[in-house]
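Undergrad:
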Amino acid sequence: MAIEAVPISQQQIAFAIGLLGIYVGWRGIISKMTGFYDIANASKNLLYGIVVGMLFAVIIDNYILFGIVNLSVNMLTLTFLSILIGISESSFVLFILGRPRVVALRASPPNGWALGLGMGAMHSSVLIVRLFDEGLTSISNFSGFNIYSIIIGMCISMSACFGHALINAWQGYNILNNNRLKPLLIGSLIRATLIISLVLCLFLPIIMIAIIPIIILSWSPAQKIWVPSGMTPSAKQAFKRTLRQSLKHELASNHRIKGNSLDSEE
């Protein structure tokens with residue numbers, strides 16, 4: 017199974033689907049907080065995530081996915097490799113988000129969210145390219161370029177981007193609370209589970225049923241606690257006030273009674 021087996025047009029579509037998770041994740045949280053934190057640093061961390069995410073995606077592709085396809089590794093080895101990759105990723109996140117300047121600006125949670133979006137996008141893009149590869153048809157009923165693989169690819173993209181973004185935001189939130197080691201270990205195990213689950217989704221998409229509910233349950237604390245913790249107290253008050261005003265305006269707009277036009281004669 018080689019990447020050259022996938023036409024360039026399908027590779028481009030695969031990466032477009034992978035990057036779709038960045039757009040949804042950015043619009044879902046980051047764009048709502050524009051003006052209340054340093055968006056330039058978040059954008060820079062997004063680029064960091066794309067670069068580093070591709071490096072780890074290649075490692076996952078070469079050592080985990082190929083190991084499963086070629087039946088050259090057992091479950092114990094796969095577990096060890098995924099945990100090792102998870103620890104490496106979480107350690108990198110700790111290094112990026114735990115720098116004194118970042119902590120002083122309370123930018124760890126939003127930067128972590130952006131960093132996770134980039135990492136997840138590259139992880140999913142490589143997996144989707146493999147999903148489009150006809151070489152997997154012998155062991156997967158969902159491989160090849162078709163509507164089913166595209167839908168599965170979108171689910172993988174959202175799960176990878178949101179999964180890594182949620183883990184990173186939670187890790188950044190704990191960094192601000194001077195809690196680094198325990199979140200590093202827990203985050204590594206969760207990340208390892210996410211890696212294995214996403215790879216296995218190429219063969220058993222039903223595994224997605226176990227991933228999506230966890231992401232949905234984690235979405236609310238991420239929006240209400242983890243990411244907003246990256247704002248200063250005054251900025252957080254202004255942000256909450258803005259949300260309340262937006263809600264009031266929306267309610268007023270929905271309940272507005274439209275008047276009738278009057279014809280007047282001059």
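The opening position of the sequence shown corresponds to residue 17 in my numbering, with each subsequent residue numbered one higher. Glycine included, each C-beta is placed from N, C-alpha and C at the ideal position. Owing to the predicted nature of the structure, the values given are computational and were not obtained by experimental measurement.
Leaving out five residues before and five after Met70 in sequence, what residues of the same chain have Cβ atoms less than 6 Å from its Cβ?
TA: Taken in chain order, the residues that qualify are Met138.
Undergrad: What residue range is occupied by the uninterrupted alpha helix (DSSP H) comprising Asn90?
TA: Premise fails: Asn90 is in no alpha helix (DSSP H) and is neither H nor E.
Undergrad: Report the three-state DSSP secondary structure of Met70 (helix, strand or coil).
TA: DSSP places Met70 in helix when its eight states are reduced to three.
Undergrad: Can you tell me where the alpha helix (DSSP H) holding Phe178 begins and where it ends?
TA: From DSSP, the alpha helix (DSSP H) with Phe178 extends over 163 to 192.
Undergrad: For Ile232 and Val40, I'd like the C-alpha separation in whole angstroms.
TA: When rounded, the distance between both Cα atoms is 14 Å.
Undergrad: Roughly how many angstroms separate the alpha carbons of Glu105 and Gln28, rounded to a whole number?
TA: Approximately 26 Å, taken between the alpha carbons.
Undergrad: Suppose contacts are defined by Cβ-Cβ distances below 7 Å. Is Ser140 in contact with Ile172 by that definition?
TA: In contact: Ser140 and Ile172 (Cβ atoms closer than 7 Å).
Undergrad: Which whole runs of the alpha helix (DSSP H) in the segment 83 to 162 are 4 residues long or more, in chain order?
TA: Entirely contained in the segment 83 to 162, the alpha helix (DSSP H) runs reaching 4 residues are, in chain order, 91 to 113, 116 to 120, 124 to 148.
Undergrad: Cα separation between Ser204 and Phe96?
TA: Rounded to the nearest angstrom, the two C-alpha atoms are 12 Å apart.
Undergrad: Does the contact criterion of 3 or more C-beta pairs under 8 Å hold for the segment 147 to 154 versus the segment 184 to 194?
TA: Flag = no, the segment 147 to 154 and the segment 184 to 194 do not touch.
Undergrad: Using three-state DSSP, classify Arg43 as helix, strand or coil.
TA: In the structure shown, Arg43 sits in a helix (DSSP, three-state: H, G or I).
Undergrad: Would you tell me roughly how many angstroms separate the C-alpha atoms of Leu92 and Met247, rounded to the nearest one?
TA: Going by the C-alpha atoms only, they are around 42 Å apart.
Undergrad: Return the chain-ordered list of same chain residues with a C-beta closer than 7 Å to the C-beta of Ala30, the five sequence neighbours on each side being excluded.
TA: So the list reads Ser141, Ile144, Val145, Phe148, Gly169, once near-sequence residues are dropped.
Undergrad: Locate the alpha helix (DSSP H) running through Gly203, then write down its first and last residues.
TA: Gly203 -> alpha helix (DSSP H) spans 197 to 216.
Undergrad: Looking at the secondary structure, which residues open and close the alpha helix (DSSP H) in which Ser245 lies?
TA: Unbroken run through Ser245: none, as it is neither H nor E.
Undergrad: For Ile241, tell me which candidate among Ile45, Ile33, Pro23, Gly37 has the shortest Cα-Cα distance.
TA: Measuring from the Cα of Ile241, the nearest candidate turns out to be Ile45.
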